[in-house]
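Worksheet: the structure to be examined is printed underneath.
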Amino acid sequence: MNISHIEHIGIAVNSIDEAIPYYENMLGLKCYAVEEVADQKVKTAFFMVGDTKIELLESTDPEGPIGKFIEKKGPGVHHLAFAVDNVNDSLAELEEKGVRLIDQKARKGAEGLNIGFLHPKSTMGVLTEICGKE
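Residues in the sequence shown are numbered from 17 upward in steps of one, following this note's numbering.
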């Protein structure tokens, strides 16, 4: 597995419309995309910080993963995502090394990326996403 960089940091928010002004007006970042990923029950907004993105995540369904996260822990950092060459190959390699997977195979995420999540019980408590364009 070849990790090239931190692809993004996912931050759960109650409302993207309320969060975007903080990132734009206070931090001087520019939201360049807002997208809904229906099968993940989430609306996303993206900001570039150098080569890394900040991804805001708003639940579109209280029973979705972000809705449940916010209900349990409140808004805040949700996950850390690493860019890899091939998500399926990386998932297989990590599983062989004993990492517990949430996703056995890559699935489609925001911005057309293929994504796969690793269980935080295997990643020092940090929900970890691997993603790639392949």
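Ideal Cβ placement from N, Cα and C applies to all residues, glycine included.
- Segment contact: the segment 25-35 against the segment 93-104, three or more CB-CB distances shorter than 8 Å; contact assigned.
- Partner residues in the beta bridge of residue 52, as assigned by DSSP, are 59.
- Counting only residues of its own chain and dropping the five nearest sequence neighbours on each side, residue 48 has a CB closer than 8 Å to the CB of 62, 63, 64.
- If you ignore the 5 residues before and after residue 126, its C-beta comes within less than 6 Å of the C-beta of 51, 53, 60, all in its own chain and listed in chain order.
- Distances from the alpha-carbon of residue 75 to those of 138, 56, 141, 122 put 56 closest.
- Contact check for residue 19 and residue 122: beta-carbon distance about 15 Å, past the 8 Å limit, so the pair fails to qualify.
- The closest CA to that of residue 128, considering only 115, 135, 150, is found on 150.
- For residue 29, the three-state secondary structure derived from DSSP is strand.
- Here residue 130 carries a strand assignment [DSSP, helix/strand/coil].
- In this structure, residue 77 lies away from residue 21, with their beta-carbon atoms at least 8 Å apart.
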